[in-house]
Each structure stands twice: as structure tokens, then as C-alpha cells.
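Visitor:
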Amino acid sequence: MLLLLLSYFDEKEESMFFHVDDTCLAEEVELGQVPLTPTIIVCGQSCYSSTRYMLSLDRNLVNTNISSFISALWLMFGSYYCFNIHYPSELASTLEFLQRSPCRLLDLRTFTGPADGTGTSTVPGRHQGHKGSPPGLQESQESDSAHSQIQQTTWRPRTSREDSMVD
């Protein structure tokens, strides 16, 4: 999906990934060719078939042994967030799309629901109406009883009258 998004937004894969041989050691990575922004270094031919990844930030290796592509992607996003780095213009559309859409749906601690896509928030204070739980998500019987104990209310913005009533 990620490569399709890059293609759709006409953005280059080389801006997000730096490919090295699958037997490459951390000391052998040519960091002078790696972008300054958080970059996933793929040890192998494809980001989907590789079994080892590294993460580079400001041309320094910050993690040299990441075992899954999803972990590498989350670490890259975490680097942008924690270090308050703006997305590079050559990747801005893809990264913004990922940040706003699928990443929010993958947070299983926040949104759960039946497989029919009618997921509701299980965190008190979160609003209902979020459609699109990850497909195939099945709740256990234990979470069903916990689910029924949480009072579900529909979120709506306060009116100006309600704002004036708050001290």
C-alpha cells in the first residue's frame, strides 16, 4: 500500500527508503548518501521482503536492528513527532495521508468494535461515530461486558450558550 501511495502522490521511494545489501553491517552504510530526515534503511531488495531494517536520523543510525517493516515505519513516524521535524516536501502528501488515515485506524487500544465496521470508542471521553475498525477485529466476551459498562454518548461541539454557562 505504501508504494502505491508514493506512486499516487508522485513522490519518490528514495526519499523515504535507502536500500543496502541484505548482509550490510551498520558500519558499512554510506550515510553521506542518506537524507537528513528520518529514513528507513532497507537491508535487501524490497521493503516488503526484507527481514532487517535500520533507522537513520540526521545521517546517524539511531536503530540498527529493526525486525519488521511496520516497526520501522512507526519508528520513523515517532522520530518526526518526537523531534518535531516537518515532513520533507518530497514526501509530504504520503506522510500526511498516512498520519491522518490508516494510522488512526490501527490504534487498537482506542477503537474496537465488531467486524461489521461499526466500531465505537472504548475510551471514556472519546466521541462515538468512528467508523472503520480494522477488518476482522473480533472482540472477546470479556471486552463485551466491559464495553457495555462504558456509557456511550454522542460527541458534539458546545454551543456558545453552553460556553457562557461554564465558570
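Counted from 1, the sequence shown has number 152 at position 152 by UniProt numbering; the numbering is strictly sequential.
Glycine residues also receive a C-beta, built at the ideal position from the N, C-alpha and C atoms.
Going straight from the alpha carbon of Trp74 to that of Ile85, what length do you get?
Guide: Along the sequence shown, read from residue 1 onward, the residue named residue 74 stands at position 74. Along the sequence shown, read from residue 1 onward, the residue named residue 85 stands at position 85. Roughly 15 Å separates the two Cα atoms.
Visitor: Using a Cβ-Cβ cutoff of less than 8 Å, which residues in the same chain neighbour Leu31 once the five nearest sequence positions on both sides are dropped?
Guide: In the sequence shown, residue 31 corresponds to position 31, counting from 1. Taken in chain order, the residues that qualify are Ser56, Arg59, Asn60 and Leu61.
Visitor: Considering just the uninterrupted stretch of the alpha helix (DSSP H) at Cys82, what are its terminal residues?
Guide: By one-based count along the sequence shown, residue 82 stands at place 82. Phe69 to Cys82 is the span of the alpha helix (DSSP H), which, as asked, contains Cys82.
Visitor: Cα separation between Pro88 and Tyr53?
Guide: In the sequence shown, counting from the first residue as 1, residue 88 sits at position 88. In the sequence shown, counting from the first residue as 1, residue 53 sits at position 53. Using only the alpha carbons, I get a separation of about 21 Å.
Visitor: Report the CB separation of Leu4 from Glu13 in whole angstroms; it is logged as a contact under 8 Å.
Guide: Reading the sequence shown from its first residue, position 4 is the one you call residue 4. Reading the sequence shown from its first residue, position 13 is the one you call residue 13. Rounded, the Cβ-Cβ distance is 11 Å, inconsistent with contact.
Visitor: Check the DSSP bridge columns for Met54 and list the partner residues they point to.
Guide: Within the sequence shown, the letter at position 54 stands for residue 54. DSSP lists Ile41 as partners of Met54.
Visitor: Give the secondary structure of Phe9 by DSSP, where H, G and I count as helix, E and B as strand, and everything else as coil.
Guide: Along the sequence shown, one-based indexing puts residue 9 at 9. In the structure shown, Phe9 sits in coil (DSSP, three-state: anything other than H, G, I, E or B).
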